[in-house]
Amino acid sequence: MTASRSAQTTTGATSAIDHDGRGVVKPTPAEVMEDTGSGLDYGVRPDRMPGLLTPTDRFYIRSHAPTPRVDAATWTLRVEGSGVHEPVSYSYDDLWNRFPHVSVVRTIECAGNRRVLFGEEVGRPFAGTQWARGAIGTAEWTGVRLRDLLEPAGITPKAREVMPEGLDEIRARRPLPLDKAWADDTVVALAMNGEVLPPDHGFPARLVVSGWLGAASIKWLGRIEVSEEPLYVPWNTVDYVLIGPDFPAEGPARGPVITELPVASLVELPWPARLRAEPQVIRGRAFAGENRVARVEYRIDDGPWQDAAIESPTTPGVWVRWQFRWDPEPGEHALRVRATDDKRNTQPEFSTRNELGYLQTSVLAHPVRVEPAR
Ligand SMILES: Nc1nc2c(c(=O)[nH]1)N[C@H]1C(S)=C(S)[C@@H](COP(=O)(O)O)O[C@H]1N2
Ligand SMILES: [Mo]
Numbered sequence: 001m002t003a004s005r006s007a008q009t010t011t012g013a014t015s016a017i018d019h020d021g022r023g024v025v026k027p028t029p030a031e032v033m034e035d036t037g038s039g040l041d042y043g044v045r046p047d048r049m050p051g052l053l054t055p056t057d058r059f060y061i062r063s064h065a066p067t068p069r070v071d072a073a074t075w076t077l078r079v080e081g082s083g084v085h086e087p088v089s090y091s092y093d094d095l096w097n098r099f100p101h102v103s104v105v106r107t108i109e110c111a112g113n114r115r116v117l118f119g120e121e122v123g124r125p126f127a128g129t130q131w132a133r134g135a136i137g138t139a140e141w142t143g144v145r146l147r148d149l150l151e152p153a154g155i156t157p158k159a160r161e162v163m164p165e166g167l168d169e170i171r172a173r174r175p176l177p178l179d180k181a182w183a184d185d186t187v188v189a190l191a192m193n194g195e196v197l198p199p200d201h202g203f204p205a206r207l208v209v210s211g212w213l214g215a216a217s218i219k220w221l222g223r224i225e226v227s228e229e230p231l232y233v234p235w236n237t238v239d240y241v242l243i244g245p246d247f248p249a250e251g252p253a254r255g256p257v258i259t260e261l262p263v264a265s266l267v268e269l270p271w272p273a274r275l276r277a278e279p280q281v282i283r284g285r286a287f288a289g290e291n292r293v294a295r296v297e298y299r300i301d302d303g304p305w306q307d308a309a310i311e312s313p314t315t316p317g318v319w320v321r322w323q324f325r326w327d328p329e330p331g332e333h334a335l336r337v338r339a340t341d342d343k344r345n346t347q348p349e350f351s352t353r354n355e356l357g358y359l360q361t362s363v364l365a366h367p368v369r370v371e372p373a374r
């Protein structure tokens, strides 16, 4: 990185902002990523997703503060709080060598994904990161089960919440209930797609919380608090909660806390799309949080809903790939896709209104212009 400005934080982590005002480390070329304009947040281009796994070079980045540079040699991960008998501390080496490793393929999606489209749906833009459709990605995460790191501290019978905390400037943190912390696929990841975790995605260690909003998957872990009392922090009281007339405050929280993500889908074409009037395959993804995607349907203009073929395993916590064949007529078209999960939840006609513009899930009319075939 050239001409960088660095700030030392109390943890020994350093954060850097480059001369273009970017707070991220990896290159984010426009050929594969969409710049939201915040200097920190970049989405993947939906038409540049080659496989089930999102290559790390284009995996979306959502960071509330610049990527901290953490020295793994001196880094420790501490487990403490009222819910443990004896605090413990692990080194980077401990995580690599003292524990069994698991690898899980899991999708991470930001609760604010598609916020720009949500704004168009309600006729007024939302504040917050200006996501189009790219705040979602799937990787193979390798590391240690969270519960394997908690158990040695001795969990008290009254322990109820587990709160991972990041080493970034804002100390990002958000509690999980004990049962989610104990899940087989709640993992402290050290590697992503077979490579050591890159700085922007949480080096040296990040949490991966399957099927939940991305904000639960805390990056740059430094501390894990286990508590016998409920914990209230910004990310479960004023951010990442549903705020609005339909949602009464819940204690210190301005509304219900967002946890698992509802079913939604994505077409792997630019928005708007331009196609030739010739037979072709239209591809996309659907994701249902902790549920399985059961069905994906598409509709061209006012035509009937038809089934798309699901081309990958339907696993909770992982998106599926779908496709269908289309021989479009020249002209302007609206392509609609609607996914349904195994609990019979279907994408609705309207997203659930909320002040911060989270959870856009309504069926989108994807604009497609078809040019005559040559
Ligand atoms: N420490 C820390 N962890 C964090 C964040 C953050 O700003 N700081 N952002 C969260 C949010 S809102 C999302 S959507 C995911 C994004 O993960 P990614 O940047 O690896 O795609 O990380 C989560 N973990
Ligand atoms: Mo997010």
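The opening residue of the sequence shown carries number 1 in full-length UniProt numbering; numbering runs sequentially from there. Glycine included, each C-beta is placed from N, C-alpha and C at the ideal position.
Looking only at DSSP bridge pairs, what is residue i linked to?
i	result
Pro177	Glu161
Val320	Ala286
Ser91	Thr76
His333	Val368
Leu221	Gly166
Glu140	Val105
Trp212	Glu260
Asp35	Tyr42
Glu195	Met192
Glu297	Asp307 and Arg338
Using the Cβ count rule (16 or more neighbours within 10 Å means buried), how would you classify residue i?
i	result
Arg369	exposed
Gln306	exposed
Arg98	exposed
Thr74	exposed
Ser103	exposed
Met1	Here Met1 scores only 38 on pLDDT, less than 50, and its place in the model should not be relied on; the value that follows carries that caveat. Exposed, by the Cβ-count rule.
Ala294	buried
residue 437	What is shown of the chain runs 1 to 374, which leaves residue 437 out entirely.
Ala3	In this prediction, Ala3 scores a pLDDT of 45, lower than 50, which makes its location untrustworthy; the coordinate-derived value is nonetheless stated afterwards. So Ala3 ends up on the exposed side.
residue 451	Absent from the model: residue 451. The displayed extent of the chain is 1 to 374, so no value can be given.
Phe350	exposed
Ala30	exposed
Glu109	buried
His366	buried
Pro230	exposed
Gly202	buried
Glu297	buried
Asp185	buried
Return yes when the Cβ of residue j is within less than 9 angstroms of the Cβ of residue i, no when it is not.
i	j	result
Glu311	Val318	no
Leu213	Tyr232	no
Ala153	Val84	yes
Ala215	Ala172	yes
Ile224	Glu80	yes
residue 391	Arg174	Limits of the chain in this structure are 1 at one end and 374 at the other, which puts residue 391 out of reach.
Thr361	Pro372	no
Val257	Ala288	no
residue 451	Leu146	Outside the shown range of the chain (1 to 374) lies residue 451, about which nothing can therefore be said.
Gly143	Leu178	no
Arg106	Gln130	no
Leu364	Arg336	yes
Pro68	Pro199	yes
Leu176	Leu77	no
Cβ-heavy atom distance between residue i and ligand 1 below 8 angstroms?
i	result
Trp212	no
Tyr358	no
Any heavy atom of ligand 2 within a distance shorter than 8 angstroms of the CB on residue i?
i	result
Gly194	no
Gly251	no
Arg115	no
Gly112	yes
Ala172	no
Ala288	no
Arg133	no
Within the stretch 236–276, note down every full alpha helix (DSSP H) run reaching 4 residues or more, in order along the chain. none
Unbroken beta strand (DSSP E) runs of length 3 or more, entirely within the stretch 40–75: which are they? List check, beta strand (DSSP E) in window: 42–44.
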